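A.B. asks: The structure's right below; bear with me while I get my questions together.
Residue numbers (the numbering used here): 37 to 182.
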């Protein structure tokens, strides 16, 4: 469809009165909303403010800052003497707690006896596993201050 002088005059009149592009397209007939917007742009008709309202920004919170949690008390790690076993000497009944740097010579595992089905000796079990209550407190602390 081509734009006649009559259609351009209707576009100018309704555009200036604040009608939406969809309403103008319906009045003229046979045009899409985008055709009306494109023609208005090519004619240099003044742009209009967006009908979408901006949301008001929420007011800044005036809460008191949360005090930093007290520093965590870390229990001293007790040194556990190791019997020392290489990966080739390790059996399922020996503690698999690693000692040293795996990239350097002299790397070994604890090697002390373990109970059936366990990976570590009693001393290394204390280091490897936390009681459930301690885990829960740690996660609650992370959530509260996170």
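Where is the CB? At the ideal position from N, CA and C, for every residue including glycine. Note that the coordinates shown come from a computational prediction; the quantities given were computed from them, not determined experimentally.
Helix, strand or coil for residue 162, going by three-state DSSP, please let me know.
C.D. replies: DSSP places residue 162 in helix when its eight states are reduced to three.
A.B. asks: Under the three-state reduction of DSSP, which class applies to residue 45: helix, strand or coil?
C.D. replies: Here residue 45 sits in helix by DSSP.
A.B. asks: Buried or exposed for residue 82, please, with buried defined as at least 16 other CB atoms from any protein chain shown within 10 angstroms of its CB.
C.D. replies: When all chains shown are included, residue 82 counts as exposed.
A.B. asks: In angstroms with no decimal places, state the Cα-to-Cα distance between residue 41 and residue 69.
C.D. replies: Spanning the two alpha carbons is a distance of roughly 19 Å.
A.B. asks: Do residue 156 and residue 132 count as a contact pair if the criterion is CB distance below 8 Å?
C.D. replies: Yes, Cβ-Cβ distance for residue 132 and residue 156 is below 8 Å.
A.B. asks: For the alpha helix (DSSP H) containing residue 126, name the first residue and the last one.
C.D. replies: Element bounds for residue 126: n/a, residue is neither H nor E.
A.B. asks: Would you report the Cα separation of residue 55 and residue 91, rounded to the nearest angstrom?
C.D. replies: Answer to the nearest angstrom: the Cα atoms are 24 Å apart.
A.B. asks: Excluding the 5 residues flanking residue 119 on each side, which residues of the same chain have their C-beta closer than 6 Å to its C-beta?
C.D. replies: Excluding residues within five positions, the ones whose Cβ falls inside 6 Å are 147 and 148.
A.B. asks: Taking residue 150 as the reference, which of 143, 100 and 158 has the closest Cα?
C.D. replies: Residue 158 is the option with its Cα nearest to residue 150.
A.B. asks: What would DSSP say about residue 149, mapped onto helix, strand or coil?
C.D. replies: Reduced to three states, the DSSP call for residue 149 is strand.
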